[in-house]
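J.:
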Amino acid sequence: MIHFMRRLRKVAPAQKKEAAMPEDTKEYQDLFRELDSYEKQGVCMELEGKPASPTQIVRAHMIREEPGYMRDYVLNEKGDVKALYFDHVKKDR
Numbered sequence: 004m005i006h007f008m009r010r011l012r013k014v015a016p017a018q019k020k021e022a023a024m025p026e027d028t029k030e031y032q033d034l035f036r037e038l039d040s041y042e043k044q045g046v047c048m049e050l051e052g053k054p055a056s057p058t059q060i061v062r063a064h065m066i067r068e069e070p071g072y073m074r075d076y077v078l079n080e081k082g083d084v085k086a087l088y089f090d091h092v093k094k095d096r
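Yeah, the sequence shown ends on 96 if you go by this note's numbering, and it's all consecutive.
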């Protein structure tokens with residue numbers, strides 16, 4: 004039996020996540036966590052006027068080029084987020 008050894012560059016524990024994950028991937032994961040939290044609180048979310056899940060919204064952000072989406076927060080009488088709407092922002096030329 005032959006064993007092969009590879010030299011691995013040591014990465015400090017704080018750098019492991021950053022070294023393994025592109026910045027935009029982390030951004031999308033953070034967005035998903037935020038939207039998932041809203042969904043668990045019962046916040047209604049829409050994308051371009053249609054009901055959407057956190058996954059659908061994140062996917063739309065991933066494929067959409069700049070300028071992206073504008074968020075519209077709707078608050079209840081207590082000031083809590085009741086609904087969250089995402090509308091594509093069209094760039095004027």
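Each residue gets a CB set at the ideal place from its N, CA and C atoms; glycine is no exception.
1. Would you identify the three-state DSSP class for proline 57, choosing helix, strand or coil?
2. Note down the Cα distance separating leucine 87 from glycine 71, rounded to an integer number of angstroms.
3. From the DSSP output, which residues share a beta bridge with phenylalanine 35?
4. To the nearest angstrom, report how far apart methionine 73 and aspartate 90 are at their CA atoms.
5. Taking lysine 29 as the reference, give the member of Lys85, Met65, Val84 with the closest Cα.
T.: Checking against the coordinates, here is how it stands:
1. The three-state secondary structure of proline 57, taken from DSSP, is helix.
2. Their backbone Cα atoms lie some 15 Å apart in a straight line.
3. DSSP, once it has assigned bridges, lists no residue as partnering phenylalanine 35.
4. Whole-angstrom Cα-Cα distance: 5 Å.
5. Selection Lys85, Met65, Val84 evaluated against lysine 29 yields Met65 as nearest (Cα-Cα).
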